[in-house]
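Down below is the structure, laid out as structure tokens.
Residue numbers (the working numbering), protein chains in the order written: chain D, 95 to 489; chain P, 3 to 130.
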């Protein structure tokens, strides 16, 4: 079957709606042809990754600038984290040069009509699709959260393909946009109680590592908070190619239940913890908020830090979205955190900020953060509960 | 050999062939075009100006921007021929306007051969 385009889509491809739209349509249709799509479908929401100047570089920025000449978003579009807090970067030790370059990237997106609050949790700040809606999201943790917890349908987009969807309002109909590709393929029985976000991160590590790209069906979890599901989504997408999961009694999608079953025990989670805990790690950096912390998490951390003081030689980043930080300021959480000597950092995170060489050991509650801290920043890592992370900061 | 067009264009050049997948992000220097992935079959070789033949791409989606950087630095491959083009390389070729064809039996190509890539028609032929 050949990819069929509507009259309007053909006009976009022929360049009748501008240069950037044509380039965007070339990206969408080529991916559609590679994956055997028969048509394009409208999307109502886009999340773009590839925002940190640290990852994008000058060439990436040049591409974005070219697209921004006449490209404008057609649907609600939000941005992934940048390499710094767009306002308070200086006190976090970001260089003037980097700040200028990062600002150029964000300005370029803004010119295209992108909502430039930079976060990996768009669903917490107003980019929240509903069940069954077709969307085009990059950012693997948000993709997983959307497909699984919200039930909005998206493939794992890259930076340029998500931008292409923003500028055309389309994506090609293949992969996870088709119901038959959203069925669970392997079942995991969880034979232990999960209580904290780090537990869910460890579970993501175990299931991601075992399942690869197969969609898991998970039983035995009686209760999970939004924050725990966000932690699991990030981890399972980082350690496997998973873009979707089902949790019995918790996630909304319909699926058949696979026969192939594996049991996951506390011992499996302990083994995962052992692989993420480096021996001889000297912790001088503590970061919570990967994915970006919710207002509930920030309130709890503010309570833990209230009236205390972070130990000299340790740096604490609580990372979140700008609207959540504003709310934290209004509620007095920001003051409690910052008076204790920790930072409430908006827009950025420890995975995409230019931090290499600044620290030696990271403690975090996020399994995903461990992966990037090791791979990109050469930090040693330890994964603990949020309370243990804060305790470490104060000791 | 008849394959499938990924991005249009028609060029003739010298083939650089590998049986190993390529990750452009982290695996290829965006300024020189040199393959820098440790232990890669093409480590130390430059893809610049070559008909680059490899099975498929791997690695981060940021790889698309590496192809774009190579193009801007005039160090890009002349064309890309794959067994199966992955989305990262496909998007990279589109944004950088590098002719590309896939669904080719790349085992029939050898480094040093002069090869014509007619991406418009999805055809790859050995000139000599």
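C-beta: ideal position from N, C-alpha, C; glycine also. Note that the structure is a prediction, hence the values are computed from the model and not measured.
Assign residue i to one of three DSSP states: helix, strand, or coil.
{"i": "residue 63 (chain P)", "result": "coil"}
{"i": "residue 310 (chain D)", "result": "strand"}
{"i": "residue 227 (chain D)", "result": "coil"}
{"i": "residue 356 (chain D)", "result": "strand"}
{"i": "residue 15 (chain P)", "result": "strand"}
{"i": "residue 84 (chain P)", "result": "strand"}
{"i": "residue 111 (chain D)", "result": "coil"}
{"i": "residue 378 (chain D)", "result": "coil"}
{"i": "residue 468 (chain D)", "result": "helix"}
{"i": "residue 272 (chain D)", "result": "coil"}
{"i": "residue 4 (chain P)", "result": "strand"}
{"i": "residue 109 (chain P)", "result": "helix"}
{"i": "residue 333 (chain D)", "result": "helix"}
{"i": "residue 141 (chain D)", "result": "strand"}
{"i": "residue 125 (chain D)", "result": "helix"}
{"i": "residue 450 (chain D)", "result": "coil"}
{"i": "residue 326 (chain D)", "result": "helix"}
{"i": "residue 57 (chain P)", "result": "coil"}
{"i": "residue 30 (chain P)", "result": "strand"}
{"i": "residue 239 (chain D)", "result": "helix"}
Strictly under 8 Å for the Cβ-Cβ distance: is residue i near chain D by that measure?
{"i": "residue 1 (chain P)", "result": "Examination of residue 1 (chain P) is not possible in this model, given that chain P is present from 3 through 130 alone."}
{"i": "residue 101 (chain P)", "result": "no"}
{"i": "residue 32 (chain P)", "result": "yes"}
{"i": "residue 63 (chain P)", "result": "yes"}
{"i": "residue 87 (chain P)", "result": "yes"}
{"i": "residue 82 (chain P)", "result": "no"}
{"i": "residue 78 (chain P)", "result": "no"}
{"i": "residue 74 (chain P)", "result": "yes"}
{"i": "residue 37 (chain P)", "result": "no"}
{"i": "residue 8 (chain P)", "result": "yes"}
Within 8 Å of any Cβ in chain P, is that where the Cβ of residue i sits?
{"i": "residue 128 (chain D)", "result": "yes"}
{"i": "residue 156 (chain D)", "result": "yes"}
{"i": "residue 255 (chain D)", "result": "yes"}
{"i": "residue 149 (chain D)", "result": "yes"}
{"i": "residue 265 (chain D)", "result": "no"}
{"i": "residue 436 (chain D)", "result": "no"}
{"i": "residue 153 (chain D)", "result": "yes"}
{"i": "residue 334 (chain D)", "result": "no"}
{"i": "residue 124 (chain D)", "result": "yes"}
{"i": "residue 177 (chain D)", "result": "no"}
{"i": "residue 252 (chain D)", "result": "yes"}
Using CA atoms only, rank isn't needed, just tell me which of the options is closest to residue i.
{"i": "residue 307 (chain D)", "options": "D:285, D:292, D:335", "result": "D:335"}
{"i": "residue 309 (chain D)", "options": "D:277, D:297, D:328", "result": "D:277"}
{"i": "residue 127 (chain D)", "options": "P:105, P:112, P:109", "result": "P:105"}
{"i": "residue 52 (chain P)", "options": "P:127, P:120, P:115", "result": "P:115"}
{"i": "residue 299 (chain D)", "options": "D:272, D:305, D:333", "result": "D:333"}
{"i": "residue 121 (chain D)", "options": "P:44, P:9, P:28, P:41", "result": "P:9"}
{"i": "residue 115 (chain D)", "options": "D:470, D:190, D:261", "result": "D:261"}
{"i": "residue 214 (chain D)", "options": "D:290, D:225, D:249, D:141", "result": "D:141"}
{"i": "residue 15 (chain P)", "options": "P:21, P:87, P:80", "result": "P:80"}
{"i": "residue 192 (chain D)", "options": "D:465, D:179, D:203", "result": "D:179"}
{"i": "residue 209 (chain D)", "options": "D:145, D:374, D:353, D:225", "result": "D:145"}
{"i": "residue 227 (chain D)", "options": "D:136, D:320, D:207", "result": "D:136"}
{"i": "residue 327 (chain D)", "options": "D:441, D:236, D:220, D:436", "result": "D:236"}
{"i": "residue 170 (chain D)", "options": "D:113, D:404, D:222, D:162", "result": "D:222"}
{"i": "residue 163 (chain D)", "options": "D:182, D:390, D:113", "result": "D:113"}
Report yes if the C-beta of residue i is less than 7 Å from at least one heavy atom of the ligand NAD; otherwise report no.
{"i": "residue 102 (chain D)", "result": "This structure lacks the ligand NAD; in fact it carries no ligand of any kind."}
Between residue i and residue j, what straight-line distance do the alpha-carbon atoms span, to the nearest angstrom?
{"i": "residue 490 (chain D)", "j": "residue 132 (chain D)", "result": "Absent from the model: residue 490 (chain D). The displayed extent of chain D is 95 to 489, so no value can be given."}
{"i": "residue 381 (chain D)", "j": "residue 25 (chain P)", "result": "30 Å"}
{"i": "residue 147 (chain D)", "j": "residue 350 (chain D)", "result": "43 Å"}
{"i": "residue 369 (chain D)", "j": "residue 285 (chain D)", "result": "20 Å"}
{"i": "residue 43 (chain P)", "j": "residue 293 (chain D)", "result": "40 Å"}
{"i": "residue 259 (chain D)", "j": "residue 253 (chain D)", "result": "10 Å"}
{"i": "residue 47 (chain P)", "j": "residue 177 (chain D)", "result": "32 Å"}
{"i": "residue 127 (chain P)", "j": "residue 58 (chain P)", "result": "19 Å"}
{"i": "residue 315 (chain D)", "j": "residue 230 (chain D)", "result": "29 Å"}
{"i": "residue 450 (chain D)", "j": "residue 475 (chain D)", "result": "14 Å"}
{"i": "residue 86 (chain P)", "j": "residue 311 (chain D)", "result": "30 Å"}
{"i": "residue 404 (chain D)", "j": "residue 432 (chain D)", "result": "10 Å"}
{"i": "residue 212 (chain D)", "j": "residue 421 (chain D)", "result": "16 Å"}
{"i": "residue 187 (chain D)", "j": "residue 439 (chain D)", "result": "12 Å"}
{"i": "residue 104 (chain D)", "j": "residue 239 (chain D)", "result": "33 Å"}
{"i": "residue 275 (chain D)", "j": "residue 119 (chain D)", "result": "24 Å"}
What residues in the segment 471 to 489 of chain D have a beta carbon less than 9 Å from any beta carbon of chain P? none
If contact means a Cβ-Cβ distance below 9 Å, which residues of the segment 91 to 124 of chain P contact chain D? 92, 93, 94, 95, 96, 97, 98, 104
Got a sec: which bits of the segment 96 to 122 of chain D sit with their beta carbon under 8 Å from any beta carbon on chain P, in order along the chain? 117, 120, 121
Determine which residues of the segment 17 to 32 of chain P have a Cβ less than 8 Å from any Cβ of chain D, and write them out in chain order. 32
With 9 Å as the limit, tell me which residues of the segment 372 to 401 of chain D have their beta carbon closer than that to any beta carbon of chain P; keep them in chain order. none
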